[in-house]
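Peer 1:
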Amino acid sequence: MAPMPIRNRWRRIAGLAFLTAGLLAAGYTLYLDLRVRTEFEGRRFALPARIYARPLELHAALRIPQAEVEAELRALGYRDRASDSEPGWFVRRADGLEISLRPFVFWDGLQAATRVSVEFEDGRVKSLRDSTGKDLPLARVEPLPIGGIYPANNEDRVLVRLSAVPKHLVQALIATEDRSFYKHRGFDPRGVARAALSLVSGPRAQGGSTLTQQLVKNFFLTPERSVQRKATELIMAVLLELHYDKDEILETYLNEVYLGQDRDRAIHGVGLAAQYYFGKPVERLTLAESALLVGMLKGPTFYDPHKQPARALERRNLVLRETKDQGFATMEQYTEARAGGLAVNPKPSVGTSPHPAFLELVHRQLRREYDEADLRSEGLRIFSTLDPRAQEAAERALSRRLAQFDREKRFGDPGLEGAVVVTDVQSGEVQALVGGRDARYRGFNRALDAARPVGSLLKPAIYLTALIDPTRYTLVTPIDDEAFVWKSRGAPDWEPKNYDRKFHGKVALRTALANSYNAAAARLGTELGVEKVLATVKRLGVERELQPYASTLLGAADLSPLEVARMYQTIAAGGFRAPLKAIREVTTQDGKPLRRFPLSVEQAFPPEPMYLLTSAMQDVVREGTAQGLKTWLSPELAIAGKTGTTDEQRDAWFAGFTGDRMGVVWIGYDDNRAARLSGSASALPVWGDLMASLEPEPLALPKPEGIEQVLIDPQSGLRADMLCAGARELPFMQGSAPVERAPCASDIGAAVEQVKERAKSWFDRLFNR
Amino acid sequence: MRVLFLVLLIAGCSSVKYTAPVEPPPIPPAPEESLPPPPPAHVETAAVAGLLQSSRADADAGRLGSAAATLERALRIEPRNARLWHELARVRMKQGDFAQAETVAARSNTWAGSDKELQSANQRLIQEARAARGMTGR
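Protein chains in written order, with my numbering: chain A, 1 to 769; chain B, 770 to 907.
1. Less than 8 Å between the beta carbons of Val-61 (chain A) and Val-116 (chain A), yes or no?
2. Check whether the segment 33 to 45 of chain A and the segment 210 to 224 of chain A are in contact - that is, three or more C-beta pairs closer than 8 Å.
3. Reducing DSSP to helix, strand and coil, say where Leu-629 (chain A) ends up.
4. Of all the residues that make up the segment 592 to 614 of chain A, which are near chain B by a beta-carbon distance shorter than 7 Å?
5. Mind pulling the beta strand (DSSP E) runs of 3 or more residues that sit fully within the segment 480 to 537 of chain A?
6. Mind listing the chain B neighbours of Phe-657 (chain A)? Cutoff is C-beta to C-beta under 9 Å, in chain order.
7. Going by beta-carbon coordinates alone, are Thr-176 (chain A) and Leu-215 (chain A) separated by less than 8 Å?
8. Ala-683 (chain A) and Ile-667 (chain A): beta carbons closer than 8 Å?
9. Between Leu-637 (chain A) and Pro-698 (chain A), which are expected to be in contact by the criterion C-beta below 8 Å, what is the C-beta distance as a whole number of angstroms?
10. Express the C-alpha separation of Gly-541 (chain A) and Glu-813 (chain B) in angstroms, rounding to a whole number.
11. Compile a chain-ordered list of the residues in the segment 684 to 714 of chain A whose CB is closer than 8 Å to at least one CB of chain B.
12. In chain order, what residues of the segment 406 to 432 of chain A put their CB closer than 9 Å to some CB of chain B?
13. I'd like the span of the beta strand (DSSP E) that includes Ile-571 (chain A), first residue to last.
14. Using a threshold of 8 Å, state whether the C-beta atoms of Lys-134 (chain A) and Tyr-182 (chain A) are closer than that.
15. Can you tell me whether Phe-657 (chain A) is helix, strand or coil according to DSSP?
16. Taking the alpha-carbon positions, what's the Leu-833 (chain B) to Leu-844 (chain B) distance?
17. Below 6 Å CB to CB, which residues in the same chain sit around Ala-799 (chain B) once its five sequence neighbours on both sides are set aside?
18. Which two residues bound the contiguous alpha helix (DSSP H) that contains Gln-275 (chain A)?
19. Got a sec: does the ligand SAH put a non-hydrogen atom nearer than 7 Å to the Cβ of Asn-672 (chain A)?
20. Are the Cβ atoms of Ala-725 (chain A) and Leu-711 (chain A) separated by less than 8 Å?
21. Taking just the CA atoms, how far does Gly-628 (chain A) sit from Leu-76 (chain A)?
22. Alpha carbon to alpha carbon, how far is Ala-582 (chain A) from Met-722 (chain A)?
23. With distances taken between CB atoms, is the gap from Ser-551 (chain A) to Ala-53 (chain A) smaller than 8 Å?
24. Hey, could you find the ends of the alpha helix (DSSP H) Leu-242 (chain A) is sitting in?
25. Thinking just about the alpha-carbon of each residue, which of A:Ala-674, A:Glu-527 and A:Lys-459 is nearest to the one in Gly-641 (chain A)?
26. Cβ of Gly-706 (chain A) within 8 Å of Cβ of Glu-608 (chain A)?
27. For Asn-891 (chain B), decide whether its Cβ has a neighbour in chain A, counting only Cβ atoms nearer than 8 Å.
28. Which residues bound the alpha helix (DSSP H) around Ile-462 (chain A)?
29. Kindly give me the distance between the Cβ atoms of Gly-882 (chain B) and Pro-702 (chain A), rounded to whole angstroms, as I take these residues to be in contact under 8 Å.
30. If you measure from the beta carbon of Ile-738 (chain B) to each beta carbon in chain A, is any gap under 8 Å?
31. In this structure, how does DSSP classify Gln-431 (chain A) when only helix, strand and coil are distinguished?
32. Taking Gly-574 (chain A) as the query, report the chain B residues whose CB atoms sit under 7 Å from its CB, ordered along the chain.
33. Relative to chain B, which residues along the segment 90 to 118 of chain A have a C-beta separation below 9 Å, given in chain order?
34. Please check the pair Asp-481 (chain A) and Ala-450 (chain A), which I expect to be a contact at CB under 8 Å, by giving their CB distance rounded to whole angstroms.
35. Rounded to the nearest angstrom, how far is the Cβ of Ala-46 (chain A) from that of Arg-265 (chain A), given a contact under 8 Å?
36. What does a CB cutoff of less than 6 Å around Pro-808 (chain B) pick up in its chain, not counting 5 residues either side in sequence?
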């Protein structure tokens, strides 16, 4: 083979190298083109799932003080000043409020902006009228947003169409950031020259990036600064301009930009920024407000209007001047806009959620039905069951009491912890959930995840198991509260002691529960059979498998506050078991309904034994271990509940219900130290504080058909008459009441009863009934 | 260029779709004709009366999901209104959810007090639901 001439060879190598370089460059450009097109096209902004509280429904006779309505409207960002142009305000009138409600897309459709007048009287809504003075049956206030499930980096945004963005915002943006935006093809040669110069002369001068380049940088690239990156940015900007028109690029830019930080939540896009800083939709931003947002683009932290108002104001005014100088604003508009202050809303500072514990519950329930990725990107709207009033009350009650106990006990750090669950008695909706003393802290959620010994909280299941059989047990059946030893093979003897270290002999069943006697409960429970009692626990809604040991009966079983809530919810609902739910509806971001979580109940127990059990639990509050509750709540509310305290008082519980709400409170140390606080001394006050601030409904269970009321002498547990001092009417299943008369029931009394009976039958005969 | 085209095609198809149904598909024809007419309305608060009316309109138009949702909304306002529970039981019946129809009617009964008429309406509904359940296993 003849050797190739050297010159020729070099030429070939050079040619090849050139070709390779050219191919590589073309390939790289092609690759960038692919990235630009696929990512820009395929890129749908990841939108967080937005979670809302329950909407407040105003109607005549609603029990709510005016101040609470005002507080909710304020939380929604309603201004307390009337405005003709902008809905979303309230003003006080002689007997109440005039409210201008914003439009809102509810689960069942759009509700237009309306104006209503609400009259209040004695903590109730007296009347509700529309703007013409006509009575209005119902007005739904938009629900409070309580957080979201966010995409990566907790980016939050509200997408807007370019057509919705005010012209002056776009003009201010172009005047300040990229004057030749509508003329250039992705880059500005002068800008590039300036940037190149700055590379040589040092990193002093910056800028020169067009909006397109800024978008490319935010979209595709890392923030590092290098020649190569700058070149890539340039090529991609040109490619972007080749494929898309100016308005598409501008719209994407306006939705992409970073405009500040709300704790751990990143504020992106002008849509959300308008809401966050000014409490209004982007359409209604004024020139001055638009100029502030545009000014902040340069450095949202540096020009933070909350923390650096002077700096932000100066920057805004600069933007206004540029806008005027570019001919986008008249001298008059400029002077007017400049004259005003920043007028930003006070910083709400809620971060990703003010109620992270409740949000966690919502998130877990959602995860059963939706893909995590969809939750974090599809902008779903989740209508939850959170009642902001109940939630605030629960948070306040817990943190205040814990601080007080810490001061009194001085057990050092870390301090006492606690958890609260509040549900709606009828529907099983979770209204409030607190996972620890710092309700804003997103971390260990004790309400869901702290499984702790429940102590006496399981006792109602023992008594319910007994009361189901009226031939053997009634509320006055004597139960033996003497020393009790339980022997079982392979386990040490079990000898439950009473809280007061005494035994009480024979006591009525309801008294044994009211005073939470351990020996009596253990004897009764083992008599009935541990398995049988645990089956009752399960039917009440506790899904966790409990150990079939006798000691489980007295609460040597670990449950979370939410599990306890499930059990007590079934009792509160008269034996109807409903899953505890935190979500009512889910819609797409534009309001199309996707999923409803309907009310669903199962009848776990017949109403009669539930009625008897509830009556006994009312005695716990009336005369038993929870009598302290009367400090907070009138005995007329007839509240039912149960205290729970575990060994060495490591855990303190109270679970109970009014006519409308059920609440569970747990208090203890995370590291299981002895808290030296009983359920009635610590959990009970939290429960009392909480419920007292929510105007509870009295508990009035409907009397089932199979129940009769019989006058009983508490001393003997026998039938009494009206001559017996201290006699009480107690419920019994038809025919199960004692027949024997108490010693106090005199012959006269008996005679009177007899006369009454005769008179009744005489009347019956007379009217042929 | 062909690759580019392909990628674009794929990108165009990649948007996420939801499959979660809004309302369950209509299930076996509920024995609607055999249902007795609803007991005569009694006096509700204006708020609840309005909701009840719109729920009935929804139910008549076959929008059973909305009808149920509206009743639940009314029940949040008057949770002890036995008539609302009864109406909900009827809607559940029409939806073919016989188990819920039965329980919700039982729930209505607990709040029915001395309203004999409502009690017997609930009783009938419970029997219908049981019979339907026996047939369909639902």
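Even glycine gets a Cβ: it sits at the ideal position worked out from N, Cα and C.
Peer 2: Let's see:
1. The residue asked about is misnamed: residue 61 (chain A) is Ala in this sequence, not Val. The beta carbons of Ala-61 (chain A) and Val-116 (chain A) sit no closer together than 8 Å.
2. Output reads yes: the segment 210 to 224 of chain A touches the segment 33 to 45 of chain A.
3. Looking at Leu-629 (chain A) - three-state DSSP - the assignment turns out to be helix.
4. Answer set for the segment 592 to 614 of chain A: Pro-593, Leu-594, Arg-595, Arg-596, Pro-598, Leu-599, Ser-600, Val-601, Glu-602, Gln-603 and Pro-607.
5. Listed in chain order, the beta strand (DSSP E) elements of length 3 or more contained wholly in the segment 480 to 537 of chain A are 486 to 488, 491 to 494 and 505 to 508.
6. Simply none; closest approach about 13 Å.
7. Not in contact: Thr-176 (chain A) and Leu-215 (chain A) (Cβ atoms no closer than 8 Å).
8. Contact: yes.
9. About 5 Å separates the beta carbon of Leu-637 (chain A) from that of Pro-698 (chain A), a gap short enough to meet the 8 Å contact definition.
10. Gly-541 (chain A) has its alpha-carbon roughly 33 Å from the corresponding atom of Glu-813 (chain B).
11. Listed by position, the residues of the segment 684 to 714 of chain A near chain B (Cβ gap below 8 Å) are Pro-702 and Pro-704.
12. Answer set for the segment 406 to 432 of chain A: Asp-424, Val-425, Gln-426, Ser-427 and Glu-429.
13. First-last for Ile-571 (chain A): 561 to 572, but that is the alpha helix (DSSP H), not the beta strand (DSSP E).
14. For Lys-134 (chain A) and Tyr-182 (chain A), no; Cβs fall outside 8 Å.
15. Phe-657 (chain A) falls in the strand class under three-state DSSP.
16. Leu-833 (chain B) and Leu-844 (chain B) have their C-alpha atoms roughly 16 Å apart.
17. Confidence is the limiting factor: at Ala-799 (chain B) the pLDDT is only 44, short of 50, which leaves the residue's position unreliable and the question unanswerable from this model.
18. Run containing Gln-275 (chain A): 269 to 278, per the alpha helix (DSSP H) assignment.
19. The model depicted lacks the ligand SAH and carries no ligand whatsoever.
20. Contact annotation: Ala-725 (chain A) and Leu-711 (chain A) have beta-carbon atoms that are not nearer than 8 Å.
21. Cα to Cα, Leu-76 (chain A) sits roughly 37 Å from Gly-628 (chain A).
22. Distance between the alpha carbons of Ala-582 (chain A) and Met-722 (chain A) is about 49 Å.
23. Judged by their CB atoms, Ser-551 (chain A) and Ala-53 (chain A) are not nearer to each other than the 8 Å cut-off.
24. Looking at the DSSP string, the run of the alpha helix (DSSP H) that includes Leu-242 (chain A) is 227 to 243.
25. Out of A:Ala-674, A:Glu-527 and A:Lys-459, A:Lys-459 has the C-alpha closest to the C-alpha of Gly-641 (chain A).
26. Yes, the Cβ-Cβ distance between Gly-706 (chain A) and Glu-608 (chain A) is below 8 Å.
27. Among the CB atoms of chain A, none fall inside 8 Å of the CB of Asn-891 (chain B).
28. Where Ile-462 (chain A) is concerned, the enclosing alpha helix (DSSP H) starts and stops at 459 to 467.
29. Contact between Gly-882 (chain B) and Pro-702 (chain A) holds, since their C-beta atoms are separated by about 7 Å, short of 8 Å.
30. Past the edges of chain B, shown from 770 to 907, lies residue 738 (chain B), and the structure says nothing about it.
31. DSSP places Gln-431 (chain A) in strand when its eight states are reduced to three.
32. By Cβ distance, chain B contributes Thr-879.
33. Answer in chain order: Trp-107 and Asp-108.
34. Not really, about 32 Å apart at Cβ, beyond 8 Å.
35. The beta-carbon distance between Ala-46 (chain A) and Arg-265 (chain A), rounded to whole angstroms, is 14 Å. This is too long to meet the 8 Å contact definition.
36. Any reading at Pro-808 (chain B) must be qualified, since the residue scores a pLDDT of 49, below 50, and its modelled position is unreliable; the value itself is stated next. Taken in chain order, the residues that qualify are Glu-886, Leu-887 and Ala-890.
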